[in-house]
Amino acid sequence: MTKKIFTMLLLITVVSMCLFPAVLADETAAEEELRTCEAVKGTVKIDGEIDAEWSKANVIDTYNVVAETSDNPVTMKVRTLWDENYFYALFEVKDNLLSLKGEKSNQDSIEMFYDEMNVRGERWTNVPMGGQFRVNYDNSVVQGDNIVTATKVVDGGYVVEIGIPWYDKANAKVGHVLGVDFQVNNDGADTGTRTGRLVWNDKENRGFKYPNVFGLCTLVDAPATAPVSTSAPAPVNPKTGDDFNSLAAIAFALISGTAIVFIIKKKLVKS
Ligand SMILES: [Ca+2]
Ligand SMILES: [Ca+2]
Numbered sequence: 397m398t399k400k401i402f403t404m405l406l407l408i409t410v411v412s413m414c415l416f417p418a419v420l421a422d423e424t425a426a427e428e429e430l431r432t433c434e435a436v437k438g439t440v441k442i443d444g445e446i447d448a449e450w451s452k453a454n455v456i457d458t459y460n461v462v463a464e465t466s467d468n469p470v471t472m473k474v475r476t477l478w479d480e481n482y483f484y485a486l487f488e489v490k491d492n493l494l495s496l497k498g499e500k501s502n503q504d505s506i507e508m509f510y511d512e513m514n515v516r517g518e519r520w521t522n523v524p525m526g527g528q529f530r531v532n533y534d535n536s537v538v539q540g541d542n543i544v545t546a547t548k549v550v551d552g553g554y555v556v557e558i559g560i561p562w563y564d565k566a567n568a569k570v571g572h573v574l575g576v577d578f579q580v581n582n583d584g585a586d587t588g589t590r591t592g593r594l595v596w597n598d599k600e601n602r603g604f605k606y607p608n609v610f611g612l613c614t615l616v617d618a619p620a621t622a623p624v625s626t627s628a629p630a631p632v633n634p635k636t637g638d639d640f641n642s643l644a645a646i647a648f649a650l651i652s653g654t655a656i657v658f659i660i661k662k663k664l665v666k667s
């Protein structure tokens, strides 16, 4: 009898130790997953104006704040489209203090990291079709001779529109996957120093060296549903404010606990 109770307690301890770290590990793994996007097919004019066609593109507004030391942080919203000639990106940047004082890399600007064949790897030399493109808010293309760009300063920030011609037009097809990352550089104090960076997938400013830190973008014909934001929050219970993911985890724990107690009782009665 005592031996059986001890065995059951040991079982509960082992199950608990297995379950809860598993939940935590899943959350950690999810954070490390590559971010993905779907580029909808569509054609726009590269002129700095936000064409109506952009409204059918998915919105990327999730990113890592790699560094920001100023009191004037920025935000970015990116959309992508593609057609038989270009892979397009539209950056909408909120930046209240625009500056071109610094070196090119320190100016208020956007960057795109582009690996058309999603070769990835640990060196740019392994990427035959792609590059690191940088455009400041005044439409000076710092890097990327082959790209088409337009910018426009708007209230509270600026817009950058980019068209990257296909290195190989055979890649302009539904289902093709590219390695990409999107970045905004901020001089937040107008001193010529880059005070902050926002990056979609990379977390440590490694994109200029390592193509394997990019996210993934898949070409699709049209959105399956309405365009989505990548940062859509988890559904919230309107009564308690708890998100349903948390509630599901609690429910799972309660059900597991109840089942264990039931088994113990049954065993004790039998013994
Ligand atoms: Ca346009
Ligand atoms: Ca700025």
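Residue numbers for the sequence shown follow the numbering used here, so the first one is 397 and each next one is one higher. All C-beta atoms in this analysis are idealised placements derived from N, C-alpha and C, irrespective of residue type, glycine included.
Next on the checklist: Does THR521 come out as helix, strand or coil in the three-state DSSP assignment?
Outcome noted: Counting from 1 along the sequence shown, the entry for residue 521 is found at position 125. Under the three-state reduction of DSSP output, THR521 falls in the helix class.
Checklist entry - How should VAL556 be labelled, buried or exposed, when 16 other C-beta atoms within 10 angstroms of its C-beta is the threshold for buried? => result Counting from 1 along the sequence shown, the entry for residue 556 is found at position 160. VAL556 comes out buried.
Item to check | Residues near ASN522 by beta carbon distance below 6 Å, same chain, minus five either side | outcome: Within the sequence shown, the letter at position 126 stands for residue 522. Counting only Cβ-Cβ distances below 6 Å, and skipping sequence neighbours, we find VAL515.
Checklist entry - Nearest-angstrom Cα distance between ASP479 and GLY575? => result Counted from its first residue, the sequence shown places residue 479 at position 83. Counted from its first residue, the sequence shown places residue 575 at position 179. Straight through space, the alpha carbons of GLY575 and ASP479 are spaced by roughly 17 Å.
Item to check | Among GLU445, VAL616, GLU600, the one whose alpha carbon lies nearest that of VAL609 | outcome: Your numbering for residue 609 matches position 213 in the sequence shown. The shortest C-alpha separation from VAL609 is found at GLU600.
Checklist entry - In its own chain, which residues sit with a C-beta less than 7 Å from the C-beta of LEU493, not counting the 5 before and 5 after it? => result For the purposes of this step, residue 493 is identified with residue 97 of the sequence shown, where counting begins at 1. ASN468, GLY584, ASP586.
Checklist entry - Taking the C-alpha atoms as reference points, what is the distance between THR432 and CYS613? => result Translated into the one-based positions of the sequence shown, residue 432 becomes position 36. Translated into the one-based positions of the sequence shown, residue 613 becomes position 217. Rounded to whole angstroms, THR432 to CYS613 spans 6 Å at the Cα level.
Checklist entry - Excluding sequence positions up to five away, which residues of its chain have a Cβ less than 6 Å from the Cβ of THR471? => result Within the sequence shown, residue 471 is the residue found at index 75, counting from 1. Cβ within range, chain order: LYS490.
Item to check | Complete runs of the alpha helix (DSSP H) confined to the segment 468-500 [at least 4 residues] | outcome: You should have found no qualifying run.
Next on the checklist: Taking the alpha carbon of ASN597 as the reference point, which residue from THR439, ASN460, VAL440, THR545 has its own alpha carbon closest?
Outcome noted: Along the sequence shown, read from residue 1 onward, the residue named residue 597 stands at position 201. That would be ASN460, whose Cα lies nearest to the Cα of ASN597.
Next on the checklist: Less than 8 Å separating the Cβ of ILE442 from some heavy atom of ligand 1?
Outcome noted: By one-based count along the sequence shown, residue 442 stands at place 46. Relative to ligand 1, the beta carbon of ILE442 is positioned inside 8 Å of a heavy atom.
Checklist entry - Should the segment 447-456 be regarded as contacting the segment 524-535, the criterion being three or more beta carbon pairs within less than 8 Å? => result Segments in contact, no.
Checklist entry - Straight-line CA distance for GLU499 to THR589? => result Here residue 499 refers to the residue found at position 103 of the sequence shown. Here residue 589 refers to the residue found at position 193 of the sequence shown. In a straight line, the C-alpha of GLU499 is about 8 Å away from that of THR589.
Checklist entry - With DSSP run on the structure shown, which of helix, strand or coil describes ALA568? => result One-based indexing of the sequence shown puts residue 568 at position 172. ALA568: coil per DSSP, three-state reduction.
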